[in-house]
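*Asks:*
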Amino acid sequence: MLQISDSLQTTPTYYEPDCVSQAPDQHRLRVLIDEIATTRGLTIQMSLRLMMLAAGNEDDDYRLAREEFCALADQFDRNIELIFGQASFPDYPADRIDWIRRIASGTPSRKINMLSVQTAIAELRKRIGHDTPLSYVQARQFNSDNWPIVRDEMTALIWDLWADLDNRKNTAVGSAKKLSETLVTTLSEIKKISMTVRMIALNTAVLASKAGDKGAGFSVIASEVKKLAEAIQSSADRADSVVSEMKDNEA
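Following UniProt numbering, the numbering of the sequence shown begins with 1 at its first residue and continues without gaps.
1) In its own chain, which residues sit with a C-beta less than 8 Å from the C-beta of arginine 168, not counting the 5 before and 5 after it?
2) Report yes or no: do the region 123-131 and the region 87-98 share at least 3 C-beta pairs separated by less than 8 Å?
3) Assign methionine 52 to one of two classes, buried (16 or more other C-beta atoms within 10 Å of its C-beta) or exposed (fewer than that).
4) Secondary structure at glutamine 75, three-state DSSP: helix, strand or coil?
5) Isoleucine 36 to aspartate 59, Cα distance in whole Å?
6) Can you have a look at alanine 122 and say buried or exposed, based on whether 16 or more other CB atoms are within 10 angstroms of its CB?
7) Any chance the region 140-147 sits against the region 60-67, with 3 or more Cβ pairs inside 8 Å?
8) Residues in its own chain within less than 7 Å of leucine 29 by CB, not counting five upstream and five downstream?
9) Is the CB-CB distance between leucine 157 and arginine 110 below 9 Å?
10) With DSSP as the reference, label serine 105 as helix, strand or coil.
Printed below as a string of structure tokens:
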């Protein structure tokens, strides 16, 4: 008797050891997108179970294939709800689920096509639940009718999700670049102000020296103005360093 129940593991955990260095949110997002990707494999696996049901050589094989088909159908229903439904999924952040549903709904025909596959699966599930005989032709027909739909729609959705993430990243990089350019311009103005304040401090010191004893007040002012100029320059230098780091990250 053919044992295939181990293949029912559909939650994508195979890559987890390679992702331990990822931030938790990034890792959960990767798991979520990979779970969506398993929808394609579920359809292939259901087709294989239908072939086994059509063969029906042994009672144990038939019963096992029927149980596994139903389990795969349950997982398919869950994925459809995840992508197109309204139910919450505690294992995943709500904002990520909303994001996936928003992207998925961007192509109205996608939901219609996937729901048609879900309906076909439900009808077959009802049929095999009543032990109605299934022919090879019907099993092959299920695969030829539904696999191309699931393959194309889910592949397109995954590409749309990654494209949206790339757009967000590019937008963030563009905003950072614009911010750095603004900071460079602002820093240039600050440095000009610092130079002007230094000149004021120097002129005040000259006036103080010419005024003799009466210039003591000027000396105090000159000293404070000089300190202000140095503080402005120090802040500008620190900001300059931050801008340089931002440019390095952009590169």
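Note that beta-carbon positions come from the ideal geometry of N, C-alpha and C, so glycine has one too.
*Replies:* With the structure as the only source:
1) Mapped onto the sequence shown, residue 168 falls at position 168. For arginine 168, where only same-chain residues beyond five positions count, there are no Cβ hits under 8 Å.
2) no
3) As a position in the sequence shown, residue 52 is number 52, starting the count at 1. Methionine 52 is buried by the Cβ-count criterion.
4) Position 75 of the sequence shown, counted from the first residue, corresponds to residue 75. In the structure shown, glutamine 75 sits in a helix (DSSP, three-state: H, G or I).
5) As a working note, residue 36 is residue 36 in the sequence shown. As a working note, residue 59 is residue 59 in the sequence shown. Rounded to the nearest angstrom, the two C-alpha atoms are 33 Å apart.
6) Here residue 122 refers to the residue found at position 122 when the sequence shown is read from its first residue. The residue is exposed, with fewer than 16 neighbouring Cβ atoms inside 10 Å.
7) No, the region 140-147 does not touch the region 60-67.
8) Counted from its first residue, the sequence shown places residue 29 at position 29. Result list for leucine 29: Arg96, in chain order.
9) Position 157 of the sequence shown, counting from 1, holds the residue named residue 157. Position 110 of the sequence shown, counting from 1, holds the residue named residue 110. Yes, they are a contact pair.
10) Counted from its first residue, the sequence shown places residue 105 at position 105. DSSP places serine 105 in the coil class of the three-state scheme, outside both helix and strand.
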